[in-house]
Every structure is written in structure tokens, then in C-alpha cells.
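Written out below as C-alpha cells is the structure these notes cover.
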Amino acid sequence: MLRFDEVGRAKTRQNATRSCRRGHGRSPRFKAPFLEAYAAGTAHRPEIAFGNVVADVLERCDPDYRRTNFCGLVLGSKWAE
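The numbering used here puts the first residue of the sequence shown at 1413, with every later residue one more than the last.
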């Protein structure tokens, strides 16, 4: 026997799946504007892009963005060997 919360989750999952199949009403040209908007929303704080998806987006959309390299940080640190 299913509990109410299990039924509720199943219904929510069904609705979400149907919504995704309809495409959320996106225009045919979605990908490039999405990435441009994502970059515009984070370009003013590139330091948050270290080691995550934001770095990929900024690298593609912002010609001035330079990705921070973790290995370079470690090797260039003042840590004792």
C-alpha cells in the first residue's frame, strides 16, 4: 500500500516529466541565448567560476575571462615542498 507522500511524489514526478516533454514553451533558438544570459549574470564575479559549470559558460561567452587553473595555484603557492 502506498502512503500519501509517496503518491504525491509520484504525481509531482509525472507532472514534471510531462512539462519537460512539452519543452517549457521554449523558442526554437534557446541554447545560445541561454548561455549568453548565464554569462551576463555571472561575468561581474568571475571568481565564483572556479571549478564549476560557470567557468565553462564564461570561457565560451566572455573573451576576457581567463580560467583559474588549480594545478597552477598549487604549484605556484608558497607552501613548503
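A virtual CB, placed ideally from N, CA and C, is assigned to each residue, including glycine.
These numbers were taken from a predicted model, which means no experiment stands behind them.
For a cut-off of 8 Å, the C-beta gap from L1487 to Y1477 is around 22 Å, too long to register as a contact.
If you check the CB distance, A1451 and C1483 do not come in under 7 Å. The beta-carbon separation of R1457 and A1467, rounded to 12 Å, does not stay under the 8 Å limit for a contact.
Across the structure, A1455 and A1461 are spaced so that their CA atoms are roughly 9 Å apart. In this structure, DSSP gives D1468 a helical state, which the three-state scheme calls helix.
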